[in-house]
Every structure is written in C-alpha cells, then in structure tokens.
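J.:
Chains as they are written, first to last, in the working numbering: chain A, 74 to 285; chain B, 3 to 236.
Below, the structure written as structure tokens:
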C-alpha cells in the first residue's frame with residue numbers, strides 16, 4: 074500500500090444523510106476506499122464477499138437485533154411515553170431515525186453477504202414509558218450497552234468493509250449515549266475507555282426487553 | 003532480540019507500574035493484552051520474547067488471532083503514535099483551557115476537566131502500549147492555543163467540539179488499517195469515548211449530536227493533520 078493511496082479526501086465529505094439501503098453498501102465500500110484508495114474498492118469488496126464464512130453475518134445479525142430493539146424502543150416512546158420535554162422528544166425522534174437507518178443498512182448488508190437477516194424481536198419495555206425519567210434511564214442503558222456490544226464484537230469482524238460500517242455505526246451509538254446522559258445530568262463519558270461486552274453478556278442484558 | 007534481557011527487565015518494571023494503576027487503565031491494557039485466554043498483560047510479556055507465551059496459537063483464540071501475532075506491526079505502531087499525538091494535543095488543550103480561567107460556567111468547566119482527564123488517560127495508555135509493543139512513543143508536541151483562548155468561552159467550546167469530532171473521525175479512519183486485533187479493540191474503546199465528548203460538546207454549542215447522520219464519517223491522516231496544524235507551535 075503506497076502512501077498516496079491512504080487518503081481520498083473527496084470520499085469523506087460525501088453526504089450520507091438520508092442514506093438508502095443500497096447506498097449504505099456503497100458507502101461502506103467507499104469507507105474502505107478512503108483507507109485503501111479508490112482504485113482498490115472494486116476488487117476489495119469482491120474479495121471481502123468471497124471470504125465470508127458466516128462469522129460476519131452472525132455479528133451483523135446480532136447488531137441487527139440490537140438495532141431493532143432500539144428502534145422499537147424510541148418508536149414506542151414517541152407514542153406512549155408520558156411527560157417528555159420537547160427537547161427530549163426531538164432527540165428521541167432523531168435517535169429513532171438513526172436506529173431505523175441502522176436496521177435498514179444492516180439488513181441490506183447481511184443480504185448482500187448472502188446471509189438471512191433476523192426478524193424483529195418482540196419487545197416489552199415494562200414501565201419505561203411512565204415518565205421522562207424512566208424513559209431516559211432505559212435509553213441510557215440501551216445506548217451504553219449498544220456501544221459495548223459493537224466494541225466487543227468489532228475486532229472479530231473479518232471483512233474490513235464490514236468493520237468500517239460497524240465503526241461508523243458504533244460512533245453514532247456513542248453519540249446517542251452521550252446525548253442521553255447529558256439530558257440526565259450524567260457525565261457523557263463515564264470512563265476514559267468504553268467497556269466491551271461479549272455477545273452473551275449483551276443478550277443477557279437485553280433479555281428483559283425481548284419477548285420472543 | 004539482541005537486547006532481550008534488558009528489554010525484559012524494562013518491561014517487567016513497566017508491567018509492575020501498570021498493575022498499580024487505575025482500574026480503567028488496567029482494563030484498557032488488559033484489552034490490549036488479549037481478551038481471550040491470554041490473560042491480562044500477557045501479550046506484553048509475549049511481545050518481548052518471554053517463553054511462556056511463545057507457543058504458536060498459545061491463546062487458542064482464533065477470533066483475536068493473537069496466537070499468531072504477538073508483536074505490533076510497523077503500521078500499527080505508526081497508527082498508535084498518530085493517535086498519541088492527537089491525544090497529546092487534546093490533553094494540552096483542556097489543560098490550557100482550565101489554566102486560562104476563561105470558562106467560568108461551573109458545569110462547563112467541570113465537563114472540560116473530566117474530558118481533559120480522559121485525554122490524559124488516553125495519552126498514558128497509548129504511551130504504555132507503544133512501549134510494550136516495542137515501539138518508541140512520539141514526542142509530545144509543543145502546542146499553542148492562544149488564538150482560541152483569546153476568543154473567549156464561545157470560541158473555546160466551538161474549538162473543543164471541532165477537535166473532538168475530528169478525533170472521533172480520525173480513530174474511525176484508522177480502524178480498518180489496524181492489524182493487531184487487540185490494538186483494534188483498544189482503539190475502538192477510545193474511539194467511542196471521543197465520540198461521546200464530541201456529542202456532549204456539540205450539544206453545548208447547539209449543534210446536532212450526530213452531524214453525519216446515522217453513519218459517522220471517517221477522516222484520513224491526510225485530512226486530519228492540516229486541521230491540527232494551527233495548534234502546533236513552531
């Protein structure tokens with residue numbers, strides 16, 4: 074890899090807002106391109122696909138389950154939660170939209186890799202929507218858990234393209250976590266190094282909210 | 003490994019020092035040391051030729067691949083030193099902000115202090131990691147923040163937000179280039195903390211917490227370095 078290939082500044086400023094399923098695939102390919110040089114993207118993506126052995130699909134499906142859970146959480150909150158301040162519901166809308174985009178992108182990526190996307194789980198958030206306070210509390214738990222889940226799984230990802238996509242999503246999860254924490258008067262970054270969680274630890278943590 | 007025994011003594015001393023450090027730093031180093039069966043800090047011992055961990059596939063952990071790769075590649079050390087340089091600048095920035103007394107809002111000053119402490123922990127951990135992987139930590143750059151500090155609290159916060167968003171993008175830009183899975187895990191655990199800082203500061207300056215939308219954009223070294231240049235004293 075020669076040094077002139079390292080940066081392709083044009084790629085980083087591409088607008089990814091309102092990203093669609095197919096453009097996400099492109100986007101993660103472009104993210105790889107910004108690292109390896111645009112010329113390398115085509116063969117690189119093909120190579121990444123060829124190397125798939127189910128491992129990355131499993132991780133993507135695990136992430137998809139979490140994103141489904143988060144999307145459902147904010148969607149229900151916006152319908153049911155009592156006493157949300159306008160700033161809180163504005164944030165909840167933005168977060169719901171982000172999570173829904175993550176669901177769409179992960180689904181498309183899994184399909185592209187020849188895998189079968191998991192279905193949305195049944196959810197039950199208990200009394201979380203009784204007040205703004207209880208909503209924010211569970212929101213923080215879900216977002217912090219999401220960060221730890223991605224960070225825990227990411228090093229096992231084989232495809233650099235999938236890793237770039239996961240990194241791009243986990244940064245957004247961390248931003249969500251910090252925003253929710255700030256609303257609760259908590260420190261946005263409780264630790265200098267975010268914790269990692271193994272898949273089984275994450276599944277255990279979210280079990281109370283998954284019905285099926 | 004010509005200097006093996008000297009190196010080992012040095013590393014033993016460093017390991018002892020590390021083991022007495024704060025919980026979060028220990029966790030970070032544990033992460034760098036291999037999340038699987040390797041155990042805390044074993045990678046560092048292994049990296050400098052200790053017999054205990056020289057068997058191939060000693061960890062039996064195919065996920066991390068650490069059995070085959072005990073030493074950081076040249077590329078990983080370069081990335082770690084790049085990260086270290088960014089963290090040096092960030093830590094210096096918050097120290098300068100606090101020293102200046104320009105931020106009088108108590109809550110904001112507290113946030114600046116806590117972010118600054120995070121950055122210092124990143125500096126310490128990255129330095130230790132580079133040393134343990136047999137590299138030479140980059141020298142602390144001379145910094146200048148006069149222009150920002152003279153701009154008052156508003157400019158200070160805006161600059162902090164810019165720097166943190168840049169930092170998060172910089173880590174994201176390197177993630178795919180890191181070869182050693184444990185170094186990757188450690189970088190990711192810093193990456194999301196930079197993202198948390200960025201989101202908090204964005205909120206304070208009235209910006210959206212997710213300026214790139216649902217998918218954060220990476221930044222390459224080539225993009226990042228010109229943006230930190232104004233803070234480097236010549």
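Positions of the beta carbon are idealized from the N, C-alpha and C atoms, including for glycine.
What residues match up with residue 234 of chain B in a beta bridge as DSSP calls it?
T.: As a working mapping, residue 234 of chain B is identified with position 232 in the second chain. Paired residue(s): B:145.
J.: Which residue's Cα is closest to the Cα of residue 212 of chain A: A:270, A:133 and A:282?
T.: Counting from one through the first chain, the residue named residue 212 of chain A turns up at place 139. Closest option to residue 212 of chain A, Cα to Cα, is A:282.
J.: Please report the residue range of the alpha helix (DSSP H) in which residue 166 of chain A lies.
T.: Indexing the first chain from 1 puts residue 166 of chain A at position 93. Here the alpha helix (DSSP H) through residue 166 of chain A covers 159 to 185.
J.: Could you tell me which residues DSSP puts in a beta bridge with residue 283 of chain A?
T.: Locating residue 283 of chain A in the first chain gives position 210, where the first residue counts as 1. A:196.
J.: Drop a sphere of 10 angstroms on the beta-carbon of residue 179 of chain A, count the other beta-carbons inside from all chains shown, and report buried for 16 or more, exposed for fewer.
T.: What you label residue 179 of chain A is simply residue 106 of the first chain in a count that begins at 1. Counting the other Cβ atoms within 10 Å of the Cβ of residue 179 of chain A gives 16 or more, which makes it buried.
J.: How about residue 233 of chain B and residue 129 of chain B: are their beta carbons less than 7 Å apart?
T.: Mapped onto the second chain, residue 233 of chain B falls at position 231. Mapped onto the second chain, residue 129 of chain B falls at position 127. No, the pair does not count as a contact, with Cβ atoms beyond the cut-off.
J.: If you pair each beta-carbon of the segment 116 to 124 of chain B with each one of the segment 182 to 191 of chain B, do three or more pairs fall below 8 Å?
T.: Counting Cβ pairs under 8 Å, fewer than three are found: no touch.
J.: Taking the beta carbon of residue 2 of chain B as the centre, do at least 16 other beta carbons fall within 10 Å, making it buried, or is it exposed?
T.: Beyond the ends of chain B as shown, which are 3 and 236, falls residue 2 of chain B; an answer cannot be given.
J.: Beta-carbon within less than 7 Å of residue 161 of chain B's beta-carbon, same chain only, minus the 5 sequence neighbours each way: which residues are those?
T.: If you number the second chain from 1, residue 161 of chain B lands on position 159. Result list for residue 161 of chain B: 150, in chain order.
J.: Please report the distance separating the alpha-carbon of residue 279 of chain A from that of residue 101 of chain B.
T.: Indexing the first chain from 1 puts residue 279 of chain A at position 206. Indexing the second chain from 1 puts residue 101 of chain B at position 99. Approximately 43 Å, taken between the alpha carbons.
J.: Under 7 Å between beta-carbons, which chain A residues line up against residue 137 of chain B? List them in chain order, please.
T.: Taking the second chain and counting its residues from 1, the one referred to as residue 137 of chain B is at position 135. The premise fails here: residue 137 of chain B is roughly 19 Å from chain A at the closest Cβ pair, so nothing lies under 7 Å.
J.: For the segment 258 to 276 of chain A, which residues have a beta carbon sitting closer than 8 Å to at least one beta carbon of chain B?
T.: 260, 261, 262, 264, 265, 266, 267, 268 and 269
J.: What are the boundary residues of the alpha helix (DSSP H) that includes residue 125 of chain B?
T.: The residue given as residue 125 of chain B occupies position 123 in the second chain. Element bounds for residue 125 of chain B: 108 to 134.
J.: With distance defined between alpha-carbon atoms, name the residue in A:202, A:242 and A:132 nearest to residue 171 of chain A.
T.: As a first step, residue 171 of chain A must be located in the first chain, where it is residue number 98. Taking only the C-alpha atoms, the option nearest residue 171 of chain A is A:242.
J.: Just how far apart, CA to CA, sit residue 144 of chain A and residue 117 of chain B?
T.: Taking the first residue of the first chain as position 1, residue 144 of chain A is located at position 71. Taking the first residue of the second chain as position 1, residue 117 of chain B is located at position 115. Taking the straight line from one Cα to the other gives about 30 Å.
J.: Which residue from A:277, A:162, A:196 and A:229 puts its Cα closest to that of residue 131 of chain A?
T.: Numbered from 1 along the first chain, position 58 holds the residue referred to as residue 131 of chain A. Answer by Cα proximity: A:229.
J.: Assuming the contact rule is C-beta atoms closer than 8 Å, residue 210 of chain B and residue 143 of chain B should be a hit. Round their C-beta distance to whole Å, please.
T.: Within the second chain, numbered from 1, the residue matching residue 210 of chain B stands at position 208. Within the second chain, numbered from 1, the residue matching residue 143 of chain B stands at position 141. With a Cβ gap of about 31 Å, residue 210 of chain B and residue 143 of chain B do not count as contacting.
J.: Quick check on residue 90 of chain B - is its C-beta less than 7 Å from some C-beta in chain A?
T.: Within the second chain, the letter at position 88 stands for residue 90 of chain B. By this cut-off, residue 90 of chain B is not an interface position.
J.: Answer with yes or no whether the minimum CB distance from residue 163 of chain A to chain B is below 7 Å.
T.: For this step, residue 163 of chain A is matched to residue 90 along the first chain. No, residue 163 of chain A does not count as interfacial toward chain B.
J.: Within its chain, find whatever has a CB closer than 7 Å to the CB of residue 198 of chain A; leave out the 5 residues flanking it on each side and keep chain order.
T.: As a working mapping, residue 198 of chain A is identified with position 125 in the first chain. Excluding sequence neighbours, residue 198 of chain A sits near 146, 149, 211 and 282.
J.: Whose C-beta lies closer than 7 Å to the C-beta of residue 205 of chain B among residues of the same chain, with five residues either side of it excluded?
T.: Reading the second chain from its first residue, position 203 is the one you call residue 205 of chain B. So the qualifying residues of the chain are 211.
J.: Is residue 178 of chain B a contact residue of the ligand MN, with contact defined as CB to any heavy atom under 6 Å?
T.: Here there are no bound small molecules, and the ligand MN is not part of this structure.
J.: Alpha carbon to alpha carbon, how far is residue 75 of chain B from residue 181 of chain B? Give it in angstroms, no decimals.
T.: Taking the first residue of the second chain as 1, we reach residue 181 of chain B at position 179. Taking the first residue of the second chain as 1, we reach residue 75 of chain B at position 73. Their backbone Cα atoms lie some 7 Å apart in a straight line.
J.: Let me make sure I understand the geometry here. Which of A:186, A:163, A:190 and A:167 has the alpha-carbon closest to that of residue 176 of chain A?
T.: Taking the first chain and counting its residues from 1, the one referred to as residue 176 of chain A is at position 103. Cα-wise, what sits closest to residue 176 of chain A is A:190.
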